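Asks:
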Amino acid sequence: MSFATPDDAGLVLDFMRKLGGYQKMADKIVATEDGLRSLLAANKGEAVFGNYKGEAVAFAYFCQTSSAFIGQSGMYIDGIFVDESMRFKGLGKIMMAYLSKLAVARGCKRLEWSCLDWNQPTIAFYKSLGAYGVDGMTIYRFAADTLLANAALF
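Numbering (the numbering used here), first residue to last: 443 to 596.
1. Taking the alpha carbon of Glu-526 as the reference point, which residue from Ala-446, Gly-575, Val-454, Gly-463 has its own alpha carbon closest?
2. Taking all protein chains shown into account, decide if Tyr-494 is buried (16 or more other Cβ within 10 angstroms of its Cβ) or exposed.
3. Under DSSP, the alpha helix (DSSP H) around Met-458 begins and ends at which residues?
4. Can you tell me which of the three DSSP states Ser-527 falls into?
5. Could you please give me the residues that DSSP links to Trp-555 through a beta bridge?
6. Along the beta strand (DSSP E) that carries Asn-493, what are the first and last residues, could you check?
The following block contains the structure:
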């Protein structure tokens, strides 16, 4: 494993585009290399690469969170992807174990991520590791234009 630096923003973007393609959401990846570089430089997000024979073949992008429900911090995985040629070889499990160990070392009490409902192979993988889905909850989001409109109300 290796941590991304701001200079790795292009590689992070490449992996996000691969993830978007796999998720049938390539058009939703609107990040730019400069935007990712800024996030990495400001420590607003982090990324790690899973390497095999000196080449990055997997990645995870994540950030610290906190929860008023548990009164403690956590980590959120915003994107995780293993190249197709490296799947079913244990790298996904290694990535999740690494992120779990990192979260524990940072004092986090939970590690969270989301998964598209149709992605049954990945859901089965997460469940095999002991993860569970949070039922009865839907993620809501303000996109940039709606965020600005709501901000203008105050």
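Just so it is clear, CB atoms sit at the ideal spot from N, CA and C, and this is done for glycine as well.
Treat the numbers as computed from the prediction; the structure is a model and nothing was measured.
Replies: Based on what the coordinates show:
1. Gly-463
2. exposed
3. 451-464
4. Looking at Ser-527 - three-state DSSP - the assignment turns out to be helix.
5. Listed as beta-bridge partners of Trp-555 by DSSP are Ile-519.
6. 488-494
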